[in-house]
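See structure below.
Protein chains in written order, with the working numbering: chain A, 1 to 346; chain B, 1 to 506.
Next comes the structure, spelled out in structure tokens:
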């Protein structure tokens with residue numbers, strides 16, 4: 001059945017109906033942006049010093065790690081999986097970089113950084129293989145590796161702490177360097193966000209991640225290599241957690257075995273607040289990055305607003321509930337609207 | 001339609017065999033489907049149609065035999081291989097990605113690419129519009145698939161098939177959830193595909209549709225190919241006879257029982273969109289079968305009358321007194337027991353012990369001051385387990401360790417322990433081997449003899465014919481026939497089960 005005869009002219013959607021799918025997604029990310037702007041505005045009104053260049057720089061620097069981790073986590077979440085081990089992976093990578101500098105003081109900085117990323121890649125490889133090959137739920141697998149990686153970290157460190165004095169100034173400089181007034185790590189995070197967002201939206205393999213998360217069974221029937229599409233996000237996420245570990249070491253200069261403990265839930269929270277569905281299939285890394293920025297900004301704004309630090313976690317929790325409630329509301333409204341406008345015989 | 005010339009058939013199955021464990025789903029099935037024909041596949045539930053479809057789709061790999069497309073042997077190791085060979089399958093269950101756009105659903109994995117292997121979204125949407133124009137429908141390419149009606153979901157699937165120039169299109173029960181006009185539109189599309197030289201395989205339980213649309217009919221039974229004939233050589237009765245033709249033997253030890261007074265009385269029970277105007281009476285000592293095809297609404301009726309599901313109007317009476325709707329506890333107190341179809345999920349608590357499961361319905365009677373008395377519980381369990389001859393290693397083992405047949409007996413024990421007056425069993429022997437089936441049947445027959453009114457929902461015709469004193473046939477939510485034991489034959493039941501409800505009521 002090739003070259004159909006009597007082809008009807010191509011009809012553009014000329015009914016003036018809004019292209020619903022994309023609009024909803026935009027609304028979702030706009031919502032977070034709006035919340036962010038509102039928060040910054042209120043805080044600045046209260047204390048005009050909040051928007052000073054140095055403060056903004058600190059804020060962006062602070063959001064860097066969470067943003068990079070949230071991007072990786074989103075890719076995993078989109079395939080209907082989760083990676084709880086990222087905090088441990090970050091810790092392991094950060095410590096590995098520190099140990100490398102202690103053992104080989106003359107080591108070139110890029111090589112050490114690469115080594116840190118590769119440690120993360122290896123961890124991601126383990127997670128991905130376990131999830132894809134054994135088909136054990138990712139929640140369980142990565143809960144296991146969370147403790148295993150952390151255990152390795154503790155065994156390796158055996159109580160040691162690596163200090164800024166052990167690391168070359170060139171390496172520590174990464175954490176402080178700026179380009180056009182913006183911190184280099186923040187620019188790096190931005191590059192990660194844009195690259196991941198581009199891959200997810202414009203390449204077949206990226207779209208297939210959404211397909212797998214949306215309906216794994218249907219994905220198999222559509223001929224998508226489901227196991228491979230589940231595996232790769234874990235590896236990418238591991239690498240990004242490794243990168244975050246390197247940046248951690250460069251920024252803080254002090255590394256021990258407890259670095260990154262408990263970070264995983266904050267990362268998942270950032271992604272969920274940013275509109276990434278916990279059951280896969282929808283959300284963007286842009287949203288997740290905005291979510292990370294929002295959480296960090298809340299952390300910075302509350303002391304300025306003289307809100308007790310104890311409230312910070314409760315507010316983050318509330319935000320998660322609001323985000324999920326908003327998603328549900330939007331989904332219901334879209335569903336109602338879509339049911340109205342199905343196909344029409346031409 | 002003009003007469004077909006005879007090129008090699010587009011799709012051939014040659015001696016295809018497929019087993020799952022001890023179940024032989026397909027046994028040496030051979031079948032030819034030619035270009036430019038709509039080929040119907042008929043058979044009872046479990047005849048092997050869906051397995052055949054999955055073999056053609058590359059989901060199952062045949063144990064023996066092979067598949068040919070346009071005369072060339074093909075070996076599908078994954079659904080993608082079947083697609084590449086030009087075989088498109090519209091499965092019974094939906095296979096769309098609800099979160100993705102319609103266009104992405106159609107082109108997933110085959111999106112048109114621009115420079116740098118980037119997805120060319122504009123080209124994809126244009127191509128999508130063109131496909132829908134060919135089908136004479138309009139669905140916005142960038143709306144998400146979530147919320148599409150079943151009919152529109154099928155149109156998306158058909159557009160997907162068109163998009164990779166499928167030469168063979170298989171539709172597994174596509175009309176089951178469609179309205180009349182939607183069916184007409186689907187048929188028009190199927191005919192136009194056929195006229196362009198596509199081989200269409202059509203599976204449906206509705207004979208009127210099969211005869212209206214198809215050129216040839218293949219009948220399957222018990223995983224075997226029975227016959228393939230042009231529609232013009234067949235009558236509906238002939239197809240039904242071939243579908244059901246098997247022996248009804250001593251599998252069904254039905255005892256004659258004394259029929260007493262009416263104990264269950266259902267009147268004009270209706271739930272909008274699910275079933276309507278369902279009414280029947282069951283007397284003491286009687287076994288009444290609710291027959292019909294899967295999806296006819298039988299399970300829904302018994303669930304509603306037991307009070308698990310709600311109903312919109314109608315009444316249920318037990319021995320003359322009205323049963324309040326939506327309250328299973330009241331139904332149980334009035335002496336109604338429901339043995340559900342899905343025993344793994346609804347009938348048993350798989351992790352609990354056999355003994356606990358058997359006494360779950362009587363936990364208040366067996367307790368003192370709200371605490372279960374272990375001794376009483378164990379005695380009660382042992383009594384029923386022995387009476388039903390459940391082969392369980394120990395009463396304390398989880399019930400999940402038992403075989404399917406024994407699990408079913410535990411479910412029965414659980415409900416018999418409440419000493420019901422009305423016992424409703426939904427598909428009592430599904431997934432049970434032949435030997436145990438006969439045992440379950442003997443048990444039901446004996447229970448009827450002891451003065452219990454039995455309502456049996458069953459999709460297995462031999463079981464219906466062998467066990468029931470009366471057969472109520474349902475189709476599309478309505479009772480389309482009430483047959484006495486003498487009147488009930490495979491033909492008469494199948495005929496009533498495949499009648500569209502409209503014809504009866506109108």
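Just so it is clear, CB atoms sit at the ideal spot from N, CA and C, and this is done for glycine as well.
| said: Going by DSSP in three states, residue 95 (chain B) sits in which element: helix, strand or coil? | reply: Within the second chain, numbered from 1, the residue matching residue 95 (chain B) stands at position 95. It is coil, neither helix nor strand.
| Between residue 52 (chain B) and the ligand FMN, is the CB less than 6 Å from at least one heavy atom? | Of the ligands one can find in the structure shown there are none, so the ligand FMN has no counterpart to examine.
| request: Could you have a look at residue 452 (chain B) and say whether DSSP puts it in helix, strand or coil? | output: Within the second chain, the letter at position 452 stands for residue 452 (chain B). The three-state secondary structure of residue 452 (chain B), taken from DSSP, is coil.
| message | With a threshold of 7 Å between beta carbons, is residue 108 (chain B) in contact with chain A? | response | If you number the second chain from 1, residue 108 (chain B) lands on position 108. Yes, contact with chain A.
| query | Which of the three DSSP states, helix, strand or coil, is assigned to residue 83 (chain A)? | reply | As a working mapping, residue 83 (chain A) is identified with position 83 in the first chain. Correct three-state label for residue 83 (chain A): coil.
| message | Using only the alpha-carbon positions, how far apart do residue 325 (chain B) and residue 273 (chain B) sit? | response | Stepping through the second chain from its first residue, residue 325 (chain B) is reached at position 325. Stepping through the second chain from its first residue, residue 273 (chain B) is reached at position 273. Using only the alpha carbons, I get a separation of about 18 Å.
| said: Using 8 Å as the cut-off, can you tell me whether the segment 440-455 of chain B makes contact with the segment 272-289 of chain B, which would need three or more C-beta pairs spanning the two stretches below that distance? | reply: yes
| task | Look at the alpha carbon of residue 261 (chain B) and the alpha carbon of residue 467 (chain B), and state the distance between them as a whole number of angstroms. | result | Against the second chain, residue 261 (chain B) aligns to sequence position 261. Against the second chain, residue 467 (chain B) aligns to sequence position 467. Just so you know, the alpha carbons of residue 261 (chain B) and residue 467 (chain B) end up roughly 20 Å apart.
| Within 7 Å (strictly less), CB to CB, does residue 172 (chain B) reach chain A? | Along the second chain, one-based indexing puts residue 172 (chain B) at 172. Judged by the 7 Å Cβ criterion, residue 172 (chain B) is not in contact with chain A.
| Where residue 225 (chain A) falls: helix, strand or coil (DSSP) | Looking up residue 225 (chain A) in the first chain gives position 225. Note: residue 225 (chain A) maps to coil in three-state DSSP.
| message | Taking DSSP's pairing of strands, which residues face residue 19 (chain B) in a bridge? | response | Stepping through the second chain from its first residue, residue 19 (chain B) is reached at position 19. In DSSP, residue 19 (chain B) forms a bridge with B:24.
| query | In its own chain, which residues sit with a C-beta less than 7 Å from the C-beta of residue 276 (chain B), not counting the 5 before and 5 after it? | reply | Taking the second chain and counting its residues from 1, the one referred to as residue 276 (chain B) is at position 276. Closer than 7 Å at the Cβ level, and outside the excluded window around residue 276 (chain B), lie 270, 477 and 478.
| task | Could you tell me whether any Cβ in chain A is nearer than 7 Å to the Cβ of residue 354 (chain B)? | result | Taking the first residue of the second chain as 1, we reach residue 354 (chain B) at position 354. Not one chain A Cβ lies under 7 Å of residue 354 (chain B).
| Cβ of residue 275 (chain A) less than 7 Å from any chain B Cβ? | Mapped onto the first chain, residue 275 (chain A) falls at position 275. It does not: the Cβ of residue 275 (chain A) has no partner Cβ on chain B nearer than 7 Å.
| query | So, helix, strand or coil for residue 217 (chain B), using DSSP? | reply | Here residue 217 (chain B) refers to the residue found at position 217 of the second chain. Residue 217 (chain B): strand per DSSP, three-state reduction.
| Which of helix, strand or coil DSSP assigns to residue 173 (chain B) | On the second chain, residue 173 (chain B) is found 173 positions in, with the first residue counted as 1. Looking at residue 173 (chain B) - three-state DSSP - the assignment turns out to be coil, as it is neither helix nor strand.
| message | To test your reading of the DSSP string, which unbroken beta strand (DSSP E) runs of 3 or more residues are found completely within the segment 32-120 of chain B? | response | Runs of the beta strand (DSSP E) spanning 3 or more residues and lying entirely within the segment 32-120 of chain B occur at 38-42, 64-69, 72-74 and 87-90, in chain order.
| message | Run through chain A and tell me which residues come within less than 9 Å of residue 72 (chain B), C-beta to C-beta. | response | In the second chain, the residue the question calls residue 72 (chain B) occupies position 72. Within chain A, no residue comes near residue 72 (chain B); the closest Cβ sits about 18 Å away, beyond 9 Å.
| task | Indicate the three-state DSSP secondary structure (helix, strand or coil) for residue 238 (chain A) in the structure shown. | result | The residue given as residue 238 (chain A) occupies position 238 in the first chain. Helix at residue 238 (chain A).
| Does DSSP put residue 12 (chain B) in a helix, in a strand, or in coil? | Indexing the second chain from 1 puts residue 12 (chain B) at position 12. If DSSP states are grouped into helix, strand and coil, residue 12 (chain B) belongs with the strands.
| message | What does DSSP give as the partner residue(s) for residue 229 (chain B) in the beta ladder? | response | Residue 229 (chain B) sits at position 229 when you count from the first residue of the second chain. DSSP output for residue 229 (chain B) lists B:217 as bridge partner(s).
| said: When you compare the CB positions of residue 116 (chain A) and residue 97 (chain A), do they come within less than 7 Å of one another, or not? | reply: Residue numbering aside, residue 116 (chain A) sits at position 116 when the first chain is read from its first letter. Residue numbering aside, residue 97 (chain A) sits at position 97 when the first chain is read from its first letter. Yes; because the gap between Cβ atoms is below 7 Å, this pair is in contact.
| Can the beta-carbon of residue 301 (chain A) be found less than 7 Å from the beta-carbon of residue 39 (chain A)? | Working through the first chain from its first residue, we reach residue 301 (chain A) at position 301. Working through the first chain from its first residue, we reach residue 39 (chain A) at position 39. Between residue 301 (chain A) and residue 39 (chain A), the C-beta spacing is below 7 Å.
| task | Mark residue 161 (chain A) as exposed unless 16 or more other C-beta atoms lie within 10 angstroms of its C-beta, in which case mark it buried. | result | In the first chain, the residue the question calls residue 161 (chain A) occupies position 161. By the 10 Å Cβ count, residue 161 (chain A) comes out exposed.
| One or two residues paired with residue 199 (chain B) in a DSSP bridge | Counting from 1 along the second chain, the entry for residue 199 (chain B) is found at position 199. Secondary-structure assignment with DSSP links residue 199 (chain B) through a beta bridge to B:168.
| beta strand (DSSP E) segment containing residue 350 (chain B), residue limits | In the second chain, counting from the first residue as 1, residue 350 (chain B) sits at position 350. That residue, residue 350 (chain B), is in no beta strand (DSSP E); it is neither H nor E in DSSP.
| field | Cβ shell of residue 103 (chain A) (< 6 Å), same chain only, five flanking positions each side left out | value | In the first chain, counting from the first residue as 1, residue 103 (chain A) sits at position 103. Non-local beta-carbon contacts of residue 103 (chain A) in its own chain, meaning distances under 6 Å to residues more than five positions away in sequence, are absent.
| query | Looking at residue 149 (chain A) and residue 239 (chain A), is the spacing between their C-beta atoms short of 7 Å? | reply | By one-based count along the first chain, residue 239 (chain A) stands at place 239. By one-based count along the first chain, residue 149 (chain A) stands at place 149. Not in contact: residue 239 (chain A) and residue 149 (chain A) (Cβ atoms no closer than 7 Å).
| task | Determine the DSSP secondary structure at residue 101 (chain A), reduced to helix, strand or coil. | result | On the first chain, residue 101 (chain A) is found 101 positions in, with the first residue counted as 1. In the structure shown, residue 101 (chain A) sits in a helix (DSSP, three-state: H, G or I).
| query | Taking DSSP as the reference, what is the three-state secondary structure of residue 67 (chain A)? | reply | Taking the first chain and counting its residues from 1, the one referred to as residue 67 (chain A) is at position 67. Residue 67 (chain A): helix per DSSP, three-state reduction.
| Distance between residue 235 (chain A) and residue 278 (chain B) (C-alpha atoms, nearest Å) | The residue labelled residue 278 (chain B) in the question sits at position 278 within the second chain. The residue labelled residue 235 (chain A) in the question sits at position 235 within the first chain. Each residue's Cα considered, the two are about 58 Å apart.
| residue 280 (chain A) (DSSP reduced to helix, strand or coil) | Residue mapping note: residue 280 (chain A) aligns to position 280 of the first chain, counting from 1. Coil.
| Are the C-beta atoms of residue 32 (chain B) and some chain A residue less than 7 Å apart? | As a first step, residue 32 (chain B) is located in the second chain; it is residue number 32 there, counting from the start. Closer than 7 Å: no.
| request: Would you list the residues sitting across from residue 112 (chain A) in a DSSP beta bridge? | output: By one-based count along the first chain, residue 112 (chain A) stands at place 112. Answer is none; residue 112 (chain A) lacks a bridge partner.
| task | Pull out every residue of the segment 107-129 of chain B whose Cβ sits closer than 7 Å to any Cβ of chain A, in chain order. | result | 108, 109, 111, 117, 118, 119, 126 and 129
| field | Rounded separation between residue 75 (chain B) and residue 162 (chain B) - CA only | value | Taking the second chain and counting its residues from 1, one reaches residue 75 (chain B) at position 75. Taking the second chain and counting its residues from 1, one reaches residue 162 (chain B) at position 162. About 22 Å.
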